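Q: Last residue of the sequence shown: 309 (our numbering), numbering continuous.
Glycine is no exception: its CB is placed at the ideal position from the N, C-alpha and C atoms.
On a predicted model such as this, the values are computed, not experimentally measured, just so you know.
Got a structure for you, written out below as structure tokens; questions coming shortly.
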Amino acid sequence: MTQSPTPIHEVVREHYAERIKNNASCCGGTSDCCDSESSLYPTDLLATLPEGESTVSYGCGDPITLAALQPGQTVLDLGSGAGLDCFFAAKKVGETGHVIGVDMTPEMIERARSSAQRLNIQNVEFRQGYLEELPVESNTVDVIISNCVINLAPDKSRVFAEAFRVLKPGGKLAVSDIVTDGPLPEAIKKSLSAWAGCVAGAVEVKDYIGKMETVGFTNISITPVYFEKETVDSAIAELDHGIELKTVSRDDVYKAVYSAKITAYKRA
């Protein structure tokens, strides 16, 4: 099956194309929807890249530490963006390992390839494609990472099915993502710009787990990392003007939305 872009794909792609053109970081517009890269990653990991290289980050966590990568592994990054997590991963797996980044936004792929060449990181490659139809062969990947991207995909069941397909038996999924504990307000869920802002596409954690279990993942672990209220306020403030913000209960959003550290495995 060939993936055709949905309106959600188009809005998300346009949003991030514009952000990379303007060298903006994170999911939101003028305000970040997540912490700065200096607080997301440990100091020793940041030190593996030249100073200043980690300024373009669109994530909500640290999947690299969560993945516990080892030399020689093949790693796949779902929604690799400008390549930051791929570059960290490339340093972890070393010359005998290999890292593949997949992203649907041409501008992101171009920036990531340019940065890899400038940094002389040779064990990484970037492929343009959709997470719902990965340009990766089956049973070839040791570890899959992703950072605040699966929530952007309209068909998460297909994303998990594709992730399961490309993992080797015994392979690991280690992602940071946005999930919810309870439903989001309808005004937010219906907003396309709220999808691009890493809010509307978040699903309830029980559904997230259910979709993973359905395709075959086992030993699923989810650890919540709650946002500050100011962070959620920034994300809501970036939503499109079509939303009547006075109808949105901020308390409902505060209680519902959080980042999570998620690991799962493909049975050996």
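(1) How many Å lie between A130 and N180 at the Cα?
(2) Going residue by residue through the segment 104 to 189, where are the continuous alpha helix (DSSP H) segments of at least 4 residues, counting only ones entirely within it?
(3) Going by Cα to Cα distance, which pick from E148, L86, T84 and S121 is closest to L193?
(4) Can you look up A243 in the DSSP assignment and give me helix, strand or coil?
(5) Following the continuous beta strand (DSSP E) through Y299, name the residue where it begins and the one where it ends.
(6) Taking M149 and Y171 to be in contact with their CB atoms under 8 Å, please state how far apart those CB atoms are, rounded to whole angstroms.
(7) Look at the Cβ atom of L214, then the Cβ atom of F258, and state whether they are nearer than 8 Å.
(8) Between L87 and Q169, what straight-line distance do the alpha-carbon atoms span, to the nearest angstrom?
(9) Measure the C-alpha to C-alpha separation of V200 and R60 and round it to an integer number of angstroms.
(10) Under the rule that 16 or more other beta-carbon atoms within 10 Å means buried, what is Q114, buried or exposed?
(11) Let's see if you can read the secondary structure: which residues bound the alpha helix (DSSP H) around A204?
(12) Where does L90 sit, in a helix, a strand or coil, going by DSSP?
(13) Under 8 Å between the Cβ atoms of I219 and C101?
(14) Starting from P48, follow the alpha helix (DSSP H) in both directions and report where the run begins and ends.
(15) If you follow the beta strand (DSSP E) that S262 is part of, which residue opens it and which one closes it?
(16) Hey, out of V184, G142 and V165, whose CA is closest to P176's CA?
(17) Going straight from the alpha carbon of G212 to that of T304, what length do you get?
(18) Beta-carbon separation of V266 and A301 under 8 Å?
(19) Please report the straight-line C-alpha distance between S45 and Y299, rounded to a whole angstrom.
(20) From the DSSP output, read off the bridge partner residues of K213.
(21) Would you call the CB atoms of V165 and K209 closer than 8 Å?
(22) Nearest to D222 by alpha carbon, out of Y57, I263, G135 and E136?
(23) Per DSSP, what kind of secondary structure is T255 in: helix, strand or coil?
(24) Does the distance from the C-beta atom of G312 to that of A153 stay below 8 Å?
(25) On the criterion of 16 or more Cβ atoms from any shown chain inside 10 Å, does G93 qualify as buried, or is it exposed?
(26) Shortest alpha-carbon distance to L117 belongs to which of E151, I185, H50 and I105?
(27) What separation, rounded to the nearest whole angstrom, lies between the Cα atoms of A243 and S198?
A: In short, the structure shows the following:
(1) Going by C-alpha positions, A130 is about 19 Å away from N180.
(2) Here the runs fully enclosed are 104 to 108, 125 to 134 and 147 to 160.
(3) Cα-wise, what sits closest to L193 is S121.
(4) Reduced to three states, the DSSP call for A243 is coil.
(5) If you look at Y299, you'll find it in the beta strand (DSSP E) that goes V298 to K307.
(6) Actually they are not in contact, since the Cβ atoms of M149 and Y171 sit about 13 Å apart, beyond 8 Å.
(7) In contact: L214 and F258 (Cβ atoms closer than 8 Å).
(8) Between L87 and Q169, the C-alpha separation is close to 26 Å.
(9) Note on geometry: alpha-carbon atoms of V200 and R60 lie some 24 Å from one another.
(10) Answer is buried; the Cβ neighbour count reaches 16.
(11) Its alpha helix (DSSP H) spans residues K197 to V207.
(12) In the structure shown, L90 falls within a coil segment according to DSSP collapsed to helix, strand and coil.
(13) For I219 and C101, yes; Cβs fall inside 8 Å.
(14) Start and end: P48 to K62.
(15) First-last of the beta strand (DSSP E) with S262: F258 to V266.
(16) Ranking V184, G142 and V165 by Cα distance to P176 puts G142 first.
(17) Their Cα atoms are separated by approximately 11 Å.
(18) In contact: V266 and A301 (Cβ atoms closer than 8 Å).
(19) C-alpha of S45 to C-alpha of Y299: approximately 30 Å in a straight line.
(20) Bridge partners of K213: V184 and Y306.
(21) Using a Cβ distance threshold of 8 Å, V165 and K209 do not count as a contacting pair.
(22) Shortest Cα-Cα distance from D222 to any of Y57, I263, G135 and E136 involves I263.
(23) T255 sits in a helix when the DSSP states are folded into three classes.
(24) It is not possible to answer for residue 312, since the shown part of the chain is limited to 42 through 309.
(25) That one is exposed.
(26) For L117, the closest of E151, I185, H50 and I105 by C-alpha to C-alpha distance is I185.
(27) If you draw a straight line from the Cα of A243 to the Cα of S198, it is about 13 Å long.
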